[in-house]
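Participant: Starting off with a structure, shown below.
Residue numbers (the UniProt record's numbering): 1 to 942.
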């Protein structure tokens, strides 16, 4: 009775503390956001300082004077200096006595108990809303995404006013019910409710909340009815929701819905003045409606009451004025290039900062239209805590009322540049199409064609004023005579990105390229780099010329990219991903790689050839003839085959098509195979190096990063089920934490030791450790619902950290009749520090632990071998030719691409050697008496 009373009091206190923390988090959101912005600023400065220090560091600092041995830069962060120092001095690296084999527990990546109170953040509400407002659903329905390991997620549509949309992953329109809740949500009372199981709870048989029966039977003082959400226990929390910040014109109808609707009872704070503007709120649905009157901003705190204890509050803000656009923040994308004002005003004008006259116009009736991609460096720092540093401007829009008086409103115009791929470390994505640019000035659409005189980049076709050859060096040409712009073309102002990808490394038959009124920069035809002189383009009577000879003028026009379906062919070959576009493939930065020309029979043969060629990451097919072209991202080295390699795509197309360039018929397909996935290897209870997003060298300045990252994984082990908890951002296997996804998309992999119950339930393999392989795909969504999500493959190998081997000796048994299965017996021995051997069903008994005894019978039992993790094992290396490198190498650190880093201690710096896995980028140095360098056939390099 006393225990039950104490337990009840503890649970009441926990719920009280959770509610108190939730209230504190809610009231401190604005303060936290300010701190986040300050931390971002400090982080940027810290990264700059760290980069400076890294550049200044010349070699790895030694643990002892005179023992400094350089270590590759990429390994310095992975090898902890203090750990290396202890190893080289012959001391313990884990805090215990020397030669002690006990494993010091390593902190995992997740601590669920400390995260329960933080799940109700404003950023979570933004992420949930973003995930629920992505096309293709139209009208009054919301798309519900179901993410799998396939590149394209599956979606169903849910009516916006339905409460069942909240927390739902799959909606059945026929039955008007949710058939599957999202990870982190549990169906309670017919609705998906945010709920988290008590961390680490298992019943007496080792079953977690996923499979345990719902009973009042306790294990360590807690029953499944108290610990598990599906049994009515766990930690429930309110589902986040949000309102769009809306801008409407006086006299127009208003309808604003909570996204998603989470309750059947809504309330407003006492400062809410919706009635002042003839608006009201439906207390059952949370919908705001009415015909707007008056001028001003209605701000309310709207609270959704899911139950007596579960509430969530969101800010409602509606701006009413004479000028009305859909939102105070307007995002211009290739699919949305204009916004119209609602009302009867005219004589519109605008003034923007930074200046937007080169890419944004306004018509007399108030239509804002993007006419080109922003060329200036102007951007907006922070908008609504989700758009950071995006190209755009803050504009004051003015118009005339019928009485000729002027009215003004403010809008923020943004042109997001979302990532075209999800570049995780170690993830080879091959070639990516550079992306389609926004709609250009009015004119007939032309295909993007790369030719001897044009360069296609980011949705534009670039050339010089008179069409000079881009790879010609001699004779030097000039464009100093007066010429009109070619039809549909415009001058190009200087942009570092355009300069790097269009002008640099191409001679263009000149020494300098003129960028409109920005000045002149050197080309590949000059021995110098950077800006030449501030010479500007000359203009007169609608014609243009360069200020002097040996210069050319850069012009461009928008071009269209045609789509095509992937060809059918050999089903055994890797399926390619069709890339929108035609003609030549470009990498993520728009650069054109070298190409390998093949003469093949059909597209399926091209696919097969490309899949068998390690250097091929993409191929192109044409429907006009049977010849194919294969592409590579690396160009040809001395190890390439003897087939022809050509640098100019036009030459290849001409060679294939016998002098006729059929660019419109060529479509590029990029391979995204599992072999290109980032690969993480980790042992049970260990934490792998953080998998970061990057490198980001191919991203443009101001690129938009994704807002939400959702991984999905599968495994061949049918008894294991993966779930990603969207409340905690944790990946779980049968409720055992495996990894955590951080806010920036980085992934921290640290499998919980509780997963050992699974390893102990499967048979020991013939050789090696037990292993779980997760094949995953990480999906990334952007804050803007119209932007296409990106994804990346990921593989995670989880190894057991304990080995078991049969041993025969005279033994004495210590039986435990309460353990009723071999897997539980094995797990009990694993957890018991005094157990060295176990057996189940030997001599007619159940579970027994064994120890040596001369008086006992001779038995064959299983021995427990601790310190069996991949990261703990030392390697014995023999190098017959150079015995200096032979010896015992022991782990001193982890690196993402190479895995474990090993060190052989030596008396001198020459004898102190590191051993790591070989990467092709390391190169190859022949040993004495070797006829050829063959590093690629060996797994390690010193």
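All residues carry an ideal CB built from backbone N, CA and C; glycine is no exception.
Quick one: give me the first and last residue of the beta strand (DSSP E) that residue 858 is part of.
Facilitator: From DSSP, the beta strand (DSSP E) with residue 858 extends over 858-865.
Participant: Going by beta-carbon coordinates alone, are residue 712 and residue 185 separated by less than 8 angstroms?
Facilitator: The answer is no: Cβ separation not under 8 angstroms.
Participant: With distances taken from CA atoms, which of 716, 509, 337 and 537 is nearest residue 548?
Facilitator: Looking at the Cα atoms, 537 is the closest of the given residues.
Participant: Is it true that the stretch 797-812 meets the stretch 850-861, where meeting means three or more beta-carbon pairs spaced less than 8 angstroms apart?
Facilitator: Touching, yes, given that three or more Cβ pairs across the two stretches are closer than 8 angstroms.
Participant: Along the chain, where does the alpha helix (DSSP H) that runs through residue 158 open and close?
Facilitator: Where residue 158 is concerned, there is no enclosing alpha helix (DSSP H), although the beta strand (DSSP E) it sits in stretches over 154-159.
Participant: Since residue 279 contacts residue 254 with CB under 8 angstroms, what's their CB separation in whole angstroms?
Facilitator: Confirmed, Cβ separation roughly 6 angstroms.
Participant: Quick check: the Cα distance between residue 400 and residue 296, rounded to an integer number of angstroms?
Facilitator: Approximately 18 angstroms, taken between the alpha carbons.
Participant: For residue 481, count neighbouring C-beta atoms within 10 Å of its own C-beta (all shown protein chains included) and say buried if the count is 16 or more, exposed if not.
Facilitator: So residue 481 counts as exposed.
Participant: Under 8 angstroms, do residue 950 and residue 319 count as touching if we go by C-beta distance?
Facilitator: Since the first residue shown for the chain is 1 and the last is 942, residue 950 is missing from the structure and cannot be characterised.
Participant: Would you decide whether residue 96 is buried or exposed? Buried here means 16 or more other CB atoms lie within 10 Å of its CB.
Facilitator: With a pLDDT of only 47 at residue 96, under the threshold of 50, the placement of this residue in the model should not be trusted, and no figure is reported.
Participant: I need the DSSP call for residue 494, collapsed to helix, strand or coil.
Facilitator: DSSP places residue 494 in coil when its eight states are reduced to three.
Participant: Pull up the distance between the alpha-carbon of residue 403 and that of residue 346, whole angstroms please.
Facilitator: Taking the straight line joining both Cα atoms gives about 11 angstroms.
Participant: If you compare alpha carbons, which of 702, 788, 680 and 772 is closest to residue 708?
Facilitator: Per the Cα distances, 788.
Participant: Just reading off the beta strand (DSSP E) that residue 823 is part of, what are its end residues?
Facilitator: Careful: residue 823 lies outside any beta strand (DSSP E), inside the alpha helix (DSSP H) at 822-831.
Participant: For residue 226 and residue 860, what's the separation of their Cα atoms in angstroms?
Facilitator: Straight-line Cα distance between these residues: approximately 43 angstroms.
Participant: Measure the beta-carbon distance from residue 411 to residue 370 and round it to whole angstroms, keeping in mind my assumption that it falls under 8 angstroms.
Facilitator: With 8 angstroms as the limit, residue 411 and residue 370 do not qualify as a contact, their Cβ atoms being about 13 angstroms apart.
Participant: Just to confirm, are residue 261 and residue 163 a CB contact at a threshold of 8 angstroms?
Facilitator: Taking 8 angstroms as the Cβ cut-off, residue 261 and residue 163 qualify as a contacting pair.
Participant: By DSSP's criteria, residue 747 is part of a beta bridge. Which residues make up the other side?
Facilitator: Residue 747 pairs with 691 and 741.
Participant: Count the other C-beta atoms from every protein chain shown that fall within 10 angstroms of the C-beta of residue 831, then say buried if there are 16 or more, exposed otherwise.
Facilitator: Exposed: under 16 other Cβ atoms inside 10 Å.
Participant: Going by Cα to Cα distance, which pick from 738, 744 and 784 is closest to residue 755?
Facilitator: For residue 755, the nearest C-alpha among the options comes from 738.
Participant: Mind checking which residues open and close the beta strand (DSSP E) that includes residue 807?
Facilitator: Element bounds for residue 807: 803-816.
Participant: When you compare the CB positions of residue 327 and residue 366, do they come within less than 8 angstroms of one another, or not?
Facilitator: It is not a contact, given that the beta carbons lie outside the stated cut-off.
Participant: At which residues does the beta strand (DSSP E) containing residue 249 begin and terminate?
Facilitator: From DSSP, the beta strand (DSSP E) with residue 249 extends over 246-249.
Participant: Going by DSSP, what residue range makes up the beta strand (DSSP E) through residue 301?
Facilitator: Note, residue 301: beta strand (DSSP E), 296-305.
Participant: Under a Cβ-count criterion, where at least 16 other Cβ atoms within 10 Å of its own Cβ denotes burial, should residue 770 be classed as buried or exposed?
Facilitator: Flag for residue 770 reads buried.
Participant: Check this for me: beta carbons of residue 735 and residue 208, under 8 angstroms apart or not?
Facilitator: Contact: yes.
Participant: Please go through the same chain and pick out, in chain order, the residues whose beta-carbon is closer than 8 angstroms to the beta-carbon of residue 868, but skip the five residues on each side of it.
Facilitator: So the qualifying residues of the chain are 769, 800, 801, 802 and 803.
Participant: CB-CB under 6 angstroms to residue 55, same chain, minus the five flanking residues each way: which ones, in chain order?
Facilitator: At residue 55, the pLDDT of 32 sits below 50, so the modelled position is not reliable and the matter cannot be decided from this model.
Participant: Would you identify the three-state DSSP class for residue 44, choosing helix, strand or coil?
Facilitator: Residue placement at residue 44 is poorly supported in this model, since its pLDDT is 43, which falls under 50; the coordinates are not used for a value here.
Participant: Between the alpha carbons of residue 817 and residue 847, how many angstroms are there, rounded?
Facilitator: Rounded to the nearest angstrom, the two C-alpha atoms are 6 angstroms apart.
Participant: State yes or no: is the C-beta of residue 228 within less than 8 angstroms of the C-beta of residue 234?
Facilitator: Result yes, Cβ atoms of residue 228 and residue 234 sit closer than 8 angstroms.
Participant: Using the C-alpha atoms, what's the distance from residue 942 back to residue 864?
Facilitator: Each residue's Cα considered, the two are about 33 angstroms apart.
Participant: May I ask you to list the residues that DSSP assigns as paired with residue 940?
Facilitator: For residue 940, which the question treats as bridged, DSSP gives the partners 917.
Participant: Look at the alpha carbon of residue 45 and the alpha carbon of residue 197, and state the distance between them as a whole number of angstroms.
Facilitator: Unreliable positioning characterises residue 45 in this predicted model, as indicated by a pLDDT of 44, which lies under 50. The coordinate reading is nonetheless provided below. Roughly 40 angstroms between the two C-alpha positions.
Participant: Hey, how far is the Cα of residue 904 from the Cα of residue 918?
Facilitator: Rounded to whole angstroms, residue 904 to residue 918 spans 17 angstroms at the Cα level.
Participant: For the alpha helix (DSSP H) holding residue 398, just list the boundary residues, first then last.
Facilitator: Looking at the DSSP string, residue 398 is not in any alpha helix (DSSP H); the run it does join, the beta strand (DSSP E), is 387-400.
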